[in-house]
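Colleague:
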Amino acid sequence: MGQQSSRWGNLPDVQIPLVDYLVLGDEPHLQANECANCGARFFGRRNACAHCGHREFNPVRVSDTGTLRTFSIVYRAAPTIPTPYVSAIVVTDDGTSVRSNLINIEPDPSKISLGMKVKLDTYVVGTDDDGQEAVAFGYAPV
Amino acid sequence: MAQDVWVLGTHMTAFGRYPDQDAVDLATNAALGALDDGGVAISDMDILACGTLFQANAGMGQQVQKQIGQTGIPVYNVSNACATGATALRTVIMAIRAGEADLGLAIGVEQMGKMGLLAGGARKEKNVYEPSGRYGAVMPIDGILGTDTMPGVFAQAGMEYANDNDGVGFEQFAKVAQKNHAHSTLNPLAQYQKEFSLEEIMGSPMQSYPNTLLMCCPTGDGAAACVLVGEERFATLSREQQSRAVKISASVLTTDPYVESGAMQPDVNTLTRNAAQAAYEQSGVAPGDLSLVELHDCFATAELIHYDNLGLCEPGGAGDFIDRGAPWRDGETPVNVSGGLISKGHPIGATGVANVYEVATHLRGEAGDRQIEGANVGLAHVIGLGSSCGVHILEKSGIS
Ligand SMILES: [Zn+2]
Numbered sequence: 651m652g653q654q655s656s657r658w659g660n661l662p663d664v665q666i667p668l669v670d671y672l673v674l675g676d677e678p679h680l681q682a683n684e685c686a687n688c689g690a691r692f693f694g695r696r697n698a699c700a701h702c703g704h705r706e707f708n709p710v711r712v713s714d715t716g717t718l719r720t721f722s723i724v725y726r727a728a729p730t731i732p733t734p735y736v737s738a739i740v741v742t743d744d745g746t747s748v749r750s751n752l753i754n755i756e757p758d759p760s761k762i763s764l765g766m767k768v769k770l771d772t773y774v775v776g777t778d779d780d781g782q783e784a785v786a787f788g789y790a791p792v
Numbered sequence: 010m011a012q013d014v015w016v017l018g019t020h021m022t023a024f025g026r027y028p029d030q031d032a033v034d035l036a037t038n039a040a041l042g043a044l045d046d047g048g049v050a051i052s053d054m055d056i057l058a059c060g061t062l063f064q065a066n067a068g069m070g071q072q073v074q075k076q077i078g079q080t081g082i083p084v085y086n087v088s089n090a091c092a093t094g095a096t097a098l099r100t101v102i103m104a105i106r107a108g109e110a111d112l113g114l115a116i117g118v119e120q121m122g123k124m125g126l127l128a129g130g131a132r133k134e135k136n137v138y139e140p141s142g143r144y145g146a147v148m149p150i151d152g153i154l155g156t157d158t159m160p161g162v163f164a165q166a167g168m169e170y171a172n173d174n175d176g177v178g179f180e181q182f183a184k185v186a187q188k189n190h191a192h193s194t195l196n197p198l199a200q201y202q203k204e205f206s207l208e209e210i211m212g213s214p215m216q217s218y219p220n221t222l223l224m225c226c227p228t229g230d231g232a233a234a235c236v237l238v239g240e241e242r243f244a245t246l247s248r249e250q251q252s253r254a255v256k257i258s259a260s261v262l263t264t265d266p267y268v269e270s271g272a273m274q275p276d277v278n279t280l281t282r283n284a285a286q287a288a289y290e291q292s293g294v295a296p297g298d299l300s301l302v303e304l305h306d307c308f309a310t311a312e313l314i315h316y317d318n319l320g321l322c323e324p325g326g327a328g329d330f331i332d333r334g335a336p337w338r339d340g341e342t343p344v345n346v347s348g349g350l351i352s353k354g355h356p357i358g359a360t361g362v363a364n365v366y367e368v369a370t371h372l373r374g375e376a377g378d379r380q381i382e383g384a385n386v387g388l389a390h391v392i393g394l395g396s397s398c399g400v401h402i403l404e405k406s407g408i409s
């Protein structure tokens with residue numbers, strides 16, 4: 651967990667991942683569905699492979715580290731989203747593209763360099779009425 | 010061999026805001042204008058295709074018929090993101106090529122008013138988190154896991170090009186907007202007709218770095234229409250009709266093929282490259298032959314990467330292309346002399362027909378103050394996220 655880790659610790663019932671391809675626990679990481687035929691990787695529920703049409707997938711752990719492929723500093727967003735934030739596409743060291751925000755970095759183009767090394771980190775993004783915390787992920791500079 | 014198809018008549022409304030007219034009024038004005046321009050009547054039409062995105066389930070084509078003539082012909086209402094207008098056009102072209110129609114009417118229309126930011130949906134407050142949807146998300150991910158906003162998505166597409174190619178940055182993207190705003194001052198149909206300095210453009214409010222407000226297209230209202238005719242019927246038309254007609258040398262629609270990163274960041278490049286390549290092959294036209302290009306500059310970052318995707322510049326050379334002034338109206342290949350989406354406006358369903366109107370008007374030598382002298386071949390490009398890309402190549406009639 652990142653520095654914004656929950657005061658509850660990692661109790662299983664009080665934290666839920668923002669998306670189901672984020673696996674929480676001692677080593678939070680992303681899990682992709684990998685096509686059993688061509689190796690194309692996808693996040694989320696799949697019916698068949700967009701690359702080859704094959705219908706079987708295997709879950710694979712995605713590398714936590716990668717490089718910044720592209721970004722934008724977004725100033726206009728839905729009212730509940732703090733701005734500006736840094737939207738990014740990261741290519742992990744095992745070649746998987748992931749969309750997320752850059753975190754722990756100033757939203758200043760002079761501070762962000764294309765190709766920079768980044769690492770997965772998690773933080774609490776919200777709490778529901780039952781006290782359940784939603785955990786999101788982002789990438790921080792290494 | 011399918012027969013050639015020609016643009017016989019075309020018309021567009023000025024783009025802007027029409028609080029006192031509805032989309033049916035706008036589409037009707039464009040349709041009647043195109044029929045009059047072509048010297049034909051609704052009773053001559055064998056098919057009608059009508060494109061609108063935000064009123065896709067409104068039966069817009071039939072509503073237009075109720076205003077201009079219920080002749081019982083087939084109507085195809087189409088919706089295909091920002092390629093909606095091009096899809097309407099292509100629907101009629103395919104019908105004529107298939108031999109099912111001699112004459113047809115394609116309309117694109119949109120009434121957006123002041124919609125504001127085109128983004129992912131607003132977040133709903135949930136009391137209890139429960140995973141839902143294909144990603145098992147407990148809340149909307151836009152703004153948490155990257156951006157769904159259009160200025161942001163296209164900013165990232167531009168920055169990806171900057172990552173791969175030298176000499177591309179904020180200033181090159183801003184120069185695109187500087188050019189299009191300057192071009193718009195000659196186009197009375199443009200929503201905005203105001204010139205801005207590079208400093209004003211780079212200093213206007215940042216929307217999604219590197220796209221500032223003056224580097225983003227506005228929302229707006231408008232419509233455009235084309236009357237199309239097949240070769241056989243074309244041969245029976247008057248000399249004046251034939252000389253003003255514009256030949257459609259290529260008509261292509263593509264979608265985005267699989268690429269590794271496509272599910273994370275929409276790939277606006279590959280489908281544009283594929284469409285351009287197919288269009289150049291169909292027409293026998295090379296990029297260097299083009300007198301003018303109207304391409305899909307929804308954001309300044311988008312226009313720059315399409316210089317490369319459409320083969321207008323050397324591979325990787327889009328930064329130098331804008332730096333040396335090549336896409337200005339007096340440059341090597343004038344791009345968006347209408348002002349482009351950034352200044353002319355982008356009523357989504359209308360855009361893919363309005364681009365063809367613009368190119369055709371230059372090929373006819375009827376573009377007034379903004380006329381590109383001696384224009385004889387032009388290209389119109391649109392892309393809608395999702396994604397679809399339409400490319401049409403048009404040529405001057407050659408009959409006098
Ligand atoms: Zn596959």
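Sequence lines, in order, name chains U and R.
Mapped onto my numbering, the consecutive letters of the first sequence carry residue numbers 651 to 792.
Mapped onto my numbering, the consecutive letters of the second sequence carry residue numbers 10 to 409.
The beta-carbon is built from N, C-alpha and C at its ideal position, and this holds for glycine as well.
Treat the numbers as computed from the prediction; the structure is a model and nothing was measured.
For Val740 (chain U), name the three-state secondary structure that DSSP assigns.
Modeller: Within the first sequence, numbered from 1, the residue matching residue 740 (chain U) stands at position 90. Three-state result, Val740 (chain U): strand.
Colleague: Are the C-beta of Gly155 (chain R) and some C-beta of chain U separated by less than 9 Å?
Modeller: Within the second sequence, residue 155 (chain R) is the residue found at index 146, counting from 1. Yes, its Cβ sits closer than 9 Å to a Cβ of chain U.
Colleague: Does the beta-carbon of Pro197 (chain R) have 16 or more other beta-carbons within 10 angstroms, so that it is buried, or is it exposed?
Modeller: By 1-based counting over the second sequence, the position of residue 197 (chain R) is 188. That one is exposed.
Colleague: State yes or no: is the C-beta of Ala682 (chain U) nearer than 8 Å to some heavy atom of ligand 1?
Modeller: Along the first sequence, one-based indexing puts residue 682 (chain U) at 32. No - ligand 1 has no heavy atom lying nearer than 8 Å to the Cβ of Ala682 (chain U).
Colleague: For Lys184 (chain R), name the three-state secondary structure that DSSP assigns.
Modeller: Stepping through the second sequence from its first residue, residue 184 (chain R) is reached at position 175. Helix.
Colleague: Take the Cβ of Gly130 (chain R) as the centre, count every other Cβ of all protein chains shown within 10 Å, and call the residue buried at 16 or more, exposed below.
Modeller: Residue numbering aside, residue 130 (chain R) sits at position 121 when the second sequence is read from its first letter. Residue confidence for Gly130 (chain R) is low, a pLDDT of 48 falling below 50, so the modelled location carries little weight; the figure read from the coordinates is stated next. So Gly130 (chain R) ends up on the exposed side.
Colleague: Can you find a C-beta in chain R that's less than 9 Å from the C-beta of Gln681 (chain U)?
Modeller: The residue you call residue 681 (chain U) lines up with position 31 of the first sequence. Cβ-Cβ to chain R under 9 Å: no for Gln681 (chain U).
Colleague: Do Gly94 (chain R) and Gly358 (chain R) have their beta-carbon atoms positioned less than 9 Å apart in this structure?
Modeller: Walking along the second sequence from the start, residue 358 (chain R) turns up at place 349. Walking along the second sequence from the start, residue 94 (chain R) turns up at place 85. Yes, they are a contact pair.
Colleague: Could you check whether Lys203 (chain R) and Asn345 (chain R) sit closer than 9 Å to each other, using their CB atoms as the reference points?
Modeller: For the purposes of this step, residue 345 (chain R) is taken as the residue at position 336 of the second sequence. For the purposes of this step, residue 203 (chain R) is taken as the residue at position 194 of the second sequence. It is not a contact, given that the beta carbons lie outside the stated cut-off.
Colleague: What would DSSP say about Tyr144 (chain R), mapped onto helix, strand or coil?
Modeller: Position 135 of the second sequence, counted from the first residue, corresponds to residue 144 (chain R). Tyr144 (chain R): coil per DSSP, three-state reduction.
Colleague: Hey, is Val710 (chain U)'s beta-carbon within less than 9 Å of any beta-carbon in chain R?
Modeller: Indexing the first sequence from 1 puts residue 710 (chain U) at position 60. Cβ-Cβ to chain R under 9 Å: no for Val710 (chain U).
Colleague: For the beta strand (DSSP E) containing Asp771 (chain U), list its first residue and its last residue.
Modeller: Position 121 of the first sequence, counted from the first residue, corresponds to residue 771 (chain U). That run of the beta strand (DSSP E) goes Lys767 to Thr777.
Colleague: Could you tell me if Glu367 (chain R) is buried or exposed, where buried requires 16 or more neighbouring beta carbons within 10 angstroms of its beta carbon?
Modeller: Counted from its first residue, the second sequence places residue 367 (chain R) at position 358. By the neighbour-count rule (16 or more Cβ atoms within 10 Å), Glu367 (chain R) is buried.
Colleague: Taking the alpha-carbon positions, what's the Val386 (chain R) to Gly334 (chain R) distance?
Modeller: Locating residue 386 (chain R) in the second sequence gives position 377, counting from the first residue. Locating residue 334 (chain R) in the second sequence gives position 325, counting from the first residue. Each residue's Cα considered, the two are about 20 Å apart.
Colleague: Which whole-angstrom value is the C-beta distance of Ala171 (chain R) and Gly161 (chain R), which I expect to be below 8 Å?
Modeller: Taking the second sequence and counting its residues from 1, one reaches residue 171 (chain R) at position 162. Taking the second sequence and counting its residues from 1, one reaches residue 161 (chain R) at position 152. About 15 Å; that fails the 8 Å criterion.
Colleague: Output the residue ranges of the beta strand (DSSP E) runs that lie fully inside the region 215-278 of chain R and measure 3 residues or longer, sorted by chain position.
Modeller: If we require 3 residues or more, the beta strand (DSSP E) runs fully inside the region 215-278 of chain R come out as 215-218, 230-239 and 255-264.
Colleague: Where the beta carbon is closer than 6 Å to any heavy atom of ligand 1, which residues qualify, in chain order?
Modeller: Taking each Cβ in turn, the ones that pass are U:Cys685, U:Asn687, U:Cys688, U:Ala690, U:Cys699, U:His701, U:Cys702 and U:His704.
Colleague: Please confirm if Ile723 (chain U) has its CB atom under 9 Å from at least one CB of chain R.
Modeller: Counting from 1 along the first sequence, the entry for residue 723 (chain U) is found at position 73. Closer than 9 Å: yes.
Colleague: Taking the alpha helix (DSSP H) that Tyr789 (chain U) falls in, what are its first and last residues?
Modeller: Taking the first residue of the first sequence as 1, we reach residue 789 (chain U) at position 139. Counting along the chain, Tyr789 (chain U) falls outside any alpha helix (DSSP H), though it belongs to the beta strand (DSSP E) covering Glu783 to Pro791.
Colleague: Using DSSP with H/G/I as helix, E/B as strand and the rest coil, what is Ile116 (chain R)?
Modeller: Position 107 of the second sequence, counting from 1, holds the residue named residue 116 (chain R). In the structure shown, Ile116 (chain R) sits in a strand (DSSP, three-state: E or B).
Colleague: Measure the Cβ-Cβ separation of Asn751 (chain U) and Val736 (chain U) and say whether it is below 9 Å.
Modeller: As a first step, residue 751 (chain U) is located in the first sequence; it is residue number 101 there, counting from the start. As a first step, residue 736 (chain U) is located in the first sequence; it is residue number 86 there, counting from the start. Yes, the pair counts as a contact, with Cβ atoms nearer than the cut-off.
Colleague: Kindly say whether Ile755 (chain U), judged by its beta-carbon, lies nearer than 9 Å to any beta-carbon of chain R.
Modeller: Sequence index remark: in the first sequence, residue 755 (chain U) carries index 105 (1-based). Not an interface residue.
Colleague: Could you tell me if Val792 (chain U) is buried or exposed, where buried requires 16 or more neighbouring beta carbons within 10 angstroms of its beta carbon?
Modeller: For the purposes of this step, residue 792 (chain U) is taken as the residue at position 142 of the first sequence. Label assigned to Val792 (chain U): exposed.
Colleague: Give the range of the beta strand (DSSP E) segment to which Phe24 (chain R) is assigned.
Modeller: Counting from one through the second sequence, the residue named residue 24 (chain R) turns up at place 15. Note, Phe24 (chain R): premise wrong, no beta strand (DSSP E); not H, not E.
Colleague: Determine, using beta carbons only, whether Ser406 (chain R) comes closer than 9 Å to chain U.
Modeller: The count along the second sequence starts at 1 and reaches residue 406 (chain R) at position 397. So no, Ser406 (chain R) is outside the interface.
Colleague: So, with DSSP's three-state summary, where would you put Asn38 (chain R)?
Modeller: Residue numbering aside, residue 38 (chain R) sits at position 29 when the second sequence is read from its first letter. It is helical.
Colleague: On the three-state DSSP scale, how would you describe Gly130 (chain R)?
Modeller: Taking the first residue of the second sequence as position 1, residue 130 (chain R) is located at position 121. Its pLDDT being 48, under 50, Gly130 (chain R) is placed unreliably by the model, and nothing is read from it.
Colleague: Using C-beta distances below 6 Å, list every residue in its chain close to Pro214 (chain R), excluding the 5 sequence neighbours before and after it, in chain order.
Modeller: Translated into positions along the second sequence, residue 214 (chain R) becomes position 205. Result list for Pro214 (chain R): Leu222, in chain order.
Colleague: In this structure, how does DSSP classify Ile150 (chain R) when only helix, strand and coil are distinguished?
Modeller: As a working mapping, residue 150 (chain R) is identified with position 141 in the second sequence. In this structure, Ile150 (chain R) counts as coil in the three-state DSSP scheme.
Colleague: What is the DSSP secondary structure of Glu706 (chain U), reduced to helix, strand or coil?
Modeller: Looking up residue 706 (chain U) in the first sequence gives position 56. Glu706 (chain U): coil per DSSP, three-state reduction.
Colleague: Please go through the region 184-214 of chain R and give each complete alpha helix (DSSP H) segment of 4 or more residues, from N-terminal end onward.
Modeller: The region 184-214 of chain R contains these whole alpha helix (DSSP H) runs: 207-212.
Colleague: Buried or exposed for Thr772 (chain U), going by 16 or more other Cβ atoms inside 10 Å?
Modeller: Taking the first sequence and counting its residues from 1, one reaches residue 772 (chain U) at position 122. So Thr772 (chain U) ends up on the buried side.
Colleague: Is any beta-carbon of chain R found at less than 9 Å from that of Arg705 (chain U)?
Modeller: Within the first sequence, numbered from 1, the residue matching residue 705 (chain U) stands at position 55. It does not; no Cβ of chain R falls within 9 Å.
Colleague: For the region 31-110 of chain R, which segments carrying the alpha helix (DSSP H) assignment without a break, of at least 4 residues, lie completely within its bounds, in sequence order?
Modeller: Listed in chain order, the complete alpha helix (DSSP H) runs (minimum 4 residues) inside the region 31-110 of chain R are 32-47, 69-77 and 93-106.
Colleague: Got a sec: is the Cβ-Cβ distance from Asp317 (chain R) to anything in chain U below 9 Å?
Modeller: On the second sequence, position 308 is the one that residue 317 (chain R) refers to. Cβ-Cβ to chain U under 9 Å: no for Asp317 (chain R).
Colleague: Just the Cα atoms here: how many angstroms apart are Thr19 (chain R) and Gly42 (chain R)?
Modeller: Reading the second sequence from its first residue, position 10 is the one you call residue 19 (chain R). Reading the second sequence from its first residue, position 33 is the one you call residue 42 (chain R). Roughly 7 Å separates the two Cα atoms.
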